Every structure is written in structure tokens, then in C-alpha cells.
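First up is the structure itself, then whatever we jot down about it.
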Amino acid sequence: MSEEAKAAELVVRCDCGFEARGDEEKLIPIVQKHGVDAHNMQVTREQVLAMARPA
Ligand SMILES: [Zn+2]
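The sequence shown begins at 14 in the working numbering and counts up by one.
If you want it as C-alpha cells, here you go:
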């Protein structure tokens with residue numbers, strides 16, 4: 014319940030070389046948009062989180 018845990022930075026690296034970072038709420042829409050724009054692929058919130066690593 015600390016501030017640190019809330020603001021955890023995550024990074025997602027796509028196979029194509031695309032990289033996005035930010036906290037969960039910021040990262041998920043960015044990665045979802047990239048999936049559709051670049052790969053014509055719908056990505057769920059769970060899939061984004063499965064791909065994410067601590068930044
Ligand atoms: Zn990609």
C-alpha cells in the first residue's frame with residue numbers, strides 16, 4: 014500500500030522492436046493500440062500484463 018507499489022513502472026517489448034513503458038494504466042492502452050495499428054491484433058489487458066516486465 015505504499016506509493017512506490019502504486020507507481021510501478023513497467024516495460025513491454027514487442028517482437029517487432031516496439032517498446033513502451035509506463036505504469037499499468039498508461040501502458041495498457043498504448044500496447045493495445047500498437048497491436049491493432051502494427052499487427053492488426055487485439056490484445057487483452059491480461060496479455061499486456063503477461064508481456065510486461067519491471068522497467
Ligand atoms: Zn509490434
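Where is the CB? At the ideal position from N, CA and C, for every residue including glycine. Predicted, not measured: the structure shown is a model, and the values here were computed from it.
Query, Result
"Ligand 1 and Ala-51: does any heavy atom of the ligand fall closer than 7 angstroms to the residue's C-beta?", "yes"
"By Cβ distance below 7 angstroms, which residues in the same chain neighbour Pro-42 in space, the five residues on each side in sequence not counted?", "none"
"Under 8 angstroms, do Ala-63 and Phe-31 count as touching if we go by C-beta distance?", "no"
"Determine, using beta carbons only, whether Val-49 and Ala-33 come nearer to each other than 8 angstroms.", "no"
"Assuming the contact rule is C-beta atoms closer than 8 angstroms, Val-24 and Arg-58 should be a hit. Round their C-beta distance to whole Å, please.", "Not really, about 16 angstroms apart at Cβ, beyond 8 angstroms."
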